[in-house]
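Chains A and B, in that order, are what the protein sequence lines are.
For the first sequence, position 48 matches number 48 in this note's numbering, and the numbering has no gaps at all.
To convert, take the position in the second sequence, counting from 1, and add 1000; that gives this note's numbering.
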Amino acid sequence: MGCASSKRSKRTPGYEEPTVLAAETPFTVSEVEALYELYKKLSNAIIADGLIHKEEFQLALFRNRNRRNLFADRIFDLFDVKRNGVIEFGEFVRSLGVFHPNAPVADKIAFAFRLYDLRQTGFIEREELKEMVLALLHESDLVLSEDVVETIVDKTFTDADTKGDGKIDTEEWKEFVSKHPSLIKNMTLPYLKDITLAFPSFVVASEVEESD
Amino acid sequence: VVPATMNAFELISTSQGLNLSSLFEK
Chain A
1 MGCASSKRSK RTPGYEEPTV LAAETPFTVS EVEALYELYK KLSNAIIADG LIHKEEFQLA
61 LFRNRNRRNL FADRIFDLFD VKRNGVIEFG EFVRSLGVFH PNAPVADKIA FAFRLYDLRQ
121 TGFIEREELK EMVLALLHES DLVLSEDVVE TIVDKTFTDA DTKGDGKIDT EEWKEFVSKH
181 PSLIKNMTLP YLKDITLAFP SFVVASEVEE SD
Chain B
1001 VVPATMNAFE LISTSQGLNL SSLFEK
């Protein structure tokens, strides 16, 4: 019977069954199917291989494939769990799961920590914080004097580094976020609750039937 | 205007690179 399916759907490398991904994330099966529609669009935007390359990620975020950005690089690297230079479908869904409104807050806090731990030492260090502030200023064309930058970084660091050992660990980070919950506001994407409306997955649904 | 009392993490969390909502724009 295998030869009957001349229109068998082509699955990209890294494709995982929606039921498996739904079991591991806050998404329902139909939401994962809708995410696959979005994923196909993003992953074929420049290189038609069904994998999200960094240029495609930058294009989706900034409408510009060449716009480098420290924070977008960090997000890409965290999504690219296998570290093979592309975001596969399973990686895309699991990582976006953290941004779901129903995802545990602890996961959002942990993700933000890893994002800001630029050199992956297990701590956010003062130099990293300063580097991120400078990157933000550069990105937004804001100009601040060196003194003001130092003051902002120093004050924040003193507030967060309660143990005073010159680095922010995960415990200190959790405590700091609990005092400033707005810090993880961008770890929640309300869009993810309406993803099935934005990307209906009729095609995927019929493909599932076909393969049964 | 960025006051010197601004929380540095608050500032960096406004980065466009961290705003994934643009992934969903058609």
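No residue lacks a Cβ here, since even glycine has one placed at the ideal position from N, Cα and C.
What residues from chain B crowd round residue i, counting only those whose CB sits closer than 7 Å?
| i | result |
| --- | --- |
| Y191 of chain A | S1021, F1024 |
| T25 of chain A | Those within 7 Å of T25 of chain A in chain B number zero; the least Cβ separation is about 15 Å. |
| N186 of chain A | S1013, L1018, N1019 |
| V133 of chain A | A1008, L1011, I1012 |
| A72 of chain A | G1017 |
| T156 of chain A | N1007, A1008, F1009 |
Identify, in the order they occur along the chain, each residue of the same chain with its Cβ nearer than 6 Å to the Cβ of residue i, setting aside the five sequence neighbours on each side.
| i | result |
| --- | --- |
| S5 of chain A | Bear in mind that the predicted position of S5 of chain A carries a pLDDT of just 41, short of 50, making it unreliable; the figure below should be weighed with that in mind. Answer for S5 of chain A: no residue qualifies. |
| H53 of chain A | I47, V86 |
| V208 of chain A | Here the model assigns V208 of chain A a pLDDT of 49, short of 50, so the residue's position is not dependable, and the following value carries that caveat. Correct list: empty, nothing qualifies. |
Report all residues from its chain with a CB closer than 8 Å to the CB of residue i; omit the five preceding and five following residues, and keep chain order.
| i | result |
| --- | --- |
| P190 of chain A | P101 |
| A198 of chain A | A34, L38, Y191 |
| V133 of chain A | V149, I152, V153 |
| E91 of chain A | G14, F79, D80, V81, K82 |
| F113 of chain A | I124, T170, W173 |
Can you find the residues in the same chain that come closer than 7 Å, C-beta to C-beta, to residue i, ignoring five residues on each side of it along the sequence?
| i | result |
| --- | --- |
| A22 of chain A | T28, V29, V32 |
| K193 of chain A | P101 |
| Y15 of chain A | F89 |
| S201 of chain A | S30, E33, A34, Y36, E37 |
| A103 of chain A | P26, G97 |
| F157 of chain A | R126, L129 |
| L219 of chain A | With chain A represented from 1 up to 212, any question about residue 219 of chain A goes unanswered, as that position is not in the structure. |
| T196 of chain A | S30, E31, A34 |
| T19 of chain A | V29 |
Using a Cβ cut-off of 9 Å, pull out every chain B residue sitting near residue i, in sequence order please.
| i | result |
| --- | --- |
| F62 of chain A | Q1016, G1017, S1022 |
| I75 of chain A | G1017, L1018, L1020 |
| S201 of chain A | Result: empty, since nearest Cβ-Cβ is about 15 Å, beyond 9 Å. |
| I47 of chain A | Result: empty, since nearest Cβ-Cβ is about 17 Å, beyond 9 Å. |
| F99 of chain A | L1020 |
Suppose contacts are defined by Cβ-Cβ distances below 9 Å. Is residue i in contact with residue j by that definition?
| i | j | result |
| --- | --- | --- |
| R68 of chain A | L61 of chain A | no |
| L291 of chain A | L78 of chain A | There is no way to answer for residue 291 of chain A, as the model of chain A reaches only from 1 to 212. |
| G1017 of chain B | R74 of chain A | yes |
| A1008 of chain B | K155 of chain A | yes |
| I1012 of chain B | F76 of chain A | no |
| E42 of chain A | E55 of chain A | A small correction: the amino acid at residue 42 of chain A is Leu; Glu does not occupy that position in the sequence shown. Not a contact, by the Cβ cut-off of 9 Å. |
| R94 of chain A | S1022 of chain B | no |
| D159 of chain A | F176 of chain A | yes |
| T1014 of chain B | S140 of chain A | yes |
Could you pull the DSSP bridge partners for residue i from this structure?
| i | result |
| --- | --- |
| K185 of chain A | Beta-bridge pairing links K185 of chain A to no other residue. |
| V86 of chain A | A:H53 |
| K167 of chain A | A:E125 |
Using the beta-carbon of each residue, which ones in chain B are nearer than 8 Å to residue i?
| i | result |
| --- | --- |
| L136 of chain A | L1011, I1012, T1014, S1015 |
| N69 of chain A | S1015, Q1016, G1017 |
| V153 of chain A | A1008 |
Any heavy atom of the ligand HEM closer than 8 Å to the CB of residue i?
| i | result |
| --- | --- |
| P18 of chain A | You won't find the ligand HEM in this model; it holds no ligand whatsoever. |
Contact between the region 180 to 196 of chain A and the region 161 to 169 of chain A is defined here as three or more beta-carbon pairs at a separation below 8 Å; is this criterion met?
no
Tell me, please, whether the region 36 to 50 of chain A touches the region 111 to 129 of chain A by the rule of three or more beta-carbon pairs shorter than 8 Å.
Contact between the region 36 to 50 of chain A and the region 111 to 129 of chain A is absent, with fewer than three C-beta pairs closer than 8 Å.
Would you check if the region 38 to 45 of chain A and the region 108 to 127 of chain A touch, i.e. whether three or more CB-CB distances between them fall below 8 Å?
no
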